[in-house]
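Visitor: Let me begin by handing over the structure; questions about it come next.
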Amino acid sequence: MQKVGKLDTQVNGQSIQPCKLRIRLIRCRNNTTRKQEVKASVQELASRATSRVKAVAAEKITPPNSAYQFEVSWRG
């Protein structure tokens, strides 16, 4: 990294202004934060869906009264 002028900095021969570099870093951090928020909300949504499915399944599933009903339930 070489200093060229007051506002310019060269990285690998390309001129980068510090202001632009800061904006890129902020955007990168914001993007990471958004990804974490989305991941958390997806996990929460999946958790709710799982709870609902378990509740509905518990209501609809009844144990068989006979061996015949048990066999029929496994055959489909």
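If you're matching positions, the sequence shown starts at 3 in the working numbering and goes up one per residue.
Note that the Cβ used here is the ideal one computed from N, Cα and C, for glycine as well.
I'd like to check one pair, Pro66 with Ser75: are the Cβ atoms closer than 9 angstroms?
Guide: Cβ distance < 9 angstroms, so Ser75 and Pro66 count as in contact.
Visitor: Start and end of the alpha helix (DSSP H) containing Ser75?
Guide: Segment Ala69 to Arg77, the alpha helix (DSSP H) holding Ser75.
Visitor: DSSP three-state label for Ile28, please.
Guide: Of the three classes helix, strand and coil, the one that applies to Ile28 here is helix, per DSSP.
Visitor: State the DSSP-derived secondary structure class of Thr64, mapped to helix, strand or coil.
Guide: If DSSP states are grouped into helix, strand and coil, Thr64 belongs with coil.
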